[in-house]
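Residue numbers (my numbering): 13 to 404. Glycine is no exception: its CB is placed at the ideal position from the N, C-alpha and C atoms. Here the structure is a predicted model, which is why all the values come from computation and not from measurement.
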Amino acid sequence: MRGADSVGRSDALRLGLLADAEGLSETDVLRLAVQQALAAVGGFAGLVHVQGREADTLRLAAVTGLPTRIARPWELLACGGDTAYDRALRDEGAAWSDALPESVVGEGLPPAWEGVGMASAPITVDGYPVGVLSVLAGEQPAPDRLEFLVRLAALVGLRLRNARRWHSGTAPWWQEPLAERTEVIQQVAVGTWSWDLATGLLDIDGATDALLRAAGLDPDRWDRRIETWMARIHPDDRPGVQEAIEYSLSTGDQYAVEYRVVGDDDRVSWLELRGTFEYDEQGAPTRMFGTAWDVTTRRGKLDWLVGLLESHPDPIHVVAADDRVQWANKAAHELAAVEGVEVDGVVLWEAVPRLRGQGLPELFARARAAPGSAATSELEAAAPGDPRGAHA
């Protein structure tokens, strides 16, 4: 049996291998991480999943310990349940569960898999969750092994920021492409950027061509000037972008914005950027760096959905995890006006106390306890004589 010193040394060596992995591609970073996770945590298989193309899905990006036939059901996982990866993403820490994904269980597991569970830790890039690192085992790993999994996953996120991209396509996770497969597993679609405050040069790495084209810029003629980039930002969004930069500089908080960029053909795209400042020994800012995503498709779907919900005749509220209303449609605002309250940013049963007695807090609790299933209740009309009832 290895002593604590031996385990600690092995952990340090494993983390060191990943920390020193300069020049590796994203695929190689993920493969190295899953190998080290399996060896350190124990179990019989290791997996890395990254965000899928579809909302609330994860796609398999690296695997070790599973033959292709058994690994295939793990290729696409749905989020929103009570698996280890759901808990890891939701709680931002290590999680263990013997509840395997329904898509995997539905394919039929070998008899020897009875009692098998999954340990997972979230992979984040600049605070944004991009995937999970998991180990399959016959019993729950010790707490220090789960803690190591968290540390390893955190290091993966740091390495992904500078990982070399495959510009000619990415090898699939099973390494031998199948003839009938027409697309490869989507890798972590995150581009990195760095703005040198002294020279005004803006370097973009990763999804370089995609981000430049989204901004209406020709990758072959890109002059790397921050002014050129800023000129592409929609005029209505420039003040907000400048304000976010100044706020991050003055407070030290993360720079996080989502704005429109306009091409020469007036095509509008949406980009999401996150970043932070870097300072010299005297505390003066020298560089701003971070990550960027093209979120045009997501924004298009959201804009369409918001337009549809805004015109819906029933009151509709979008509520955050703290039960406060993040968005409400026109009918909801009209209903709030009847009640004489402001709906945005409030907890509904605090703004309208009678809703507490009608079971609205319990309704929210039931909805969160069964994601993907509708939880319904009928509430009293907004006011005596008001014909509109409220259905939640």
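- By the Cβ rule, the region 151 to 165 counts as touching the region 21 to 35, because three or more pairs are nearer than 8 Å.
- Here the alpha carbons of Pro325 and Gly212 stand approximately 51 Å from one another.
- For the pair Leu391 and Thr240, the Cα-to-Cα distance works out to about 54 Å.
- Listed in chain order, the beta strand (DSSP E) runs fully inside the region 123 to 167 are 129 to 137, 140 to 149, counting runs of at least 3 residues.
- C-alpha of Leu214 to C-alpha of Asp110: approximately 47 Å in a straight line.
- Rounded to whole angstroms, the Cβ separation of Ala57 and Thr76 is 7 Å, and the two are in contact under 8 Å.
- Counting the other Cβ atoms within 10 Å of the Cβ of Met130 gives 16 or more, which makes it buried.
- For Gln63, the three-state secondary structure derived from DSSP is strand.
- Nearest to Leu59 by C-alpha distance, out of Ala333, Ala67, Ala149, is Ala149.
- As computed with DSSP, Asp208 is found in a beta bridge with Arg299.
- DSSP places Thr39 within a helical segment (H, G or I) once states are collapsed to three.
- Under the three-state reduction of DSSP, Arg250 is assigned to helix.
- In this structure, the beta-carbon distance from Leu283 to Tyr271 falls below 8 Å.
- Boundaries of the alpha helix (DSSP H) harbouring Ala343: 342 to 351, taken from the DSSP string.
- By the criterion of a C-beta distance shorter than 6 Å, Leu229 is surrounded by no residue of its chain, once the five residues flanking it on both sides are discounted.
- In this structure Gly127 is exposed. Its beta-carbon is surrounded by fewer than 16 other beta-carbon atoms within 10 angstroms.
- For Arg272, the enclosing beta strand (DSSP E) begins and ends at 267 to 274.
- Leu89 is the residue among Leu89, Pro123, Asp208 whose C-alpha sits nearest the C-alpha of Leu112.
- In chain order, Ala131, Val147, Ala149, Pro153, Arg157, Leu158, Phe160, Leu161 place their CB closer than 8 Å to the CB of Val53, counting only its own chain and leaving out the 5 sequence neighbours on each side.
- For Val280, the pairing in a beta bridge is given by DSSP as Val274.
- In this structure, the straight-line span from the alpha carbon of Arg380 to that of Trp234 is close to 47 Å.
- Inclusion of Ala83 and Arg43 in the CB contact set at 8 Å is not warranted, their separation being larger than that value.
- Membership of Thr69 in the beta strand (DSSP E) is indicated by the continuous run 69 to 76.
- Between Arg244 and Val274, the CB-CB gap stays under 8 Å.
- The beta carbon of Asp221 sits closer than 6 Å to those of Pro231, all from its chain and outside the five residues before and after it, given in chain order.
- Under the DSSP assignment, Ile238 falls outside any beta strand (DSSP E), being part of the alpha helix (DSSP H) whose first and last residues are 238 to 242.
- Going by beta carbons, Gly203 and Leu172 fall outside the 8 Å limit.
- In this structure, Trp361 lies near Leu372, with their beta-carbon atoms less than 8 Å apart.
- The residue among Val331, Arg286, Gln48 with its C-alpha nearest the C-alpha of Trp305 is Arg286.
- Secondary structure at Gly169: helix, using DSSP grouped into helix, strand and coil.
- Nearest neighbour of Ile328 by Cα position, chosen from Asp356, Phe301, Gly352, turns out to be Asp356.
- In the three-state DSSP reduction, Leu261 falls in the helix class (H, G or I).
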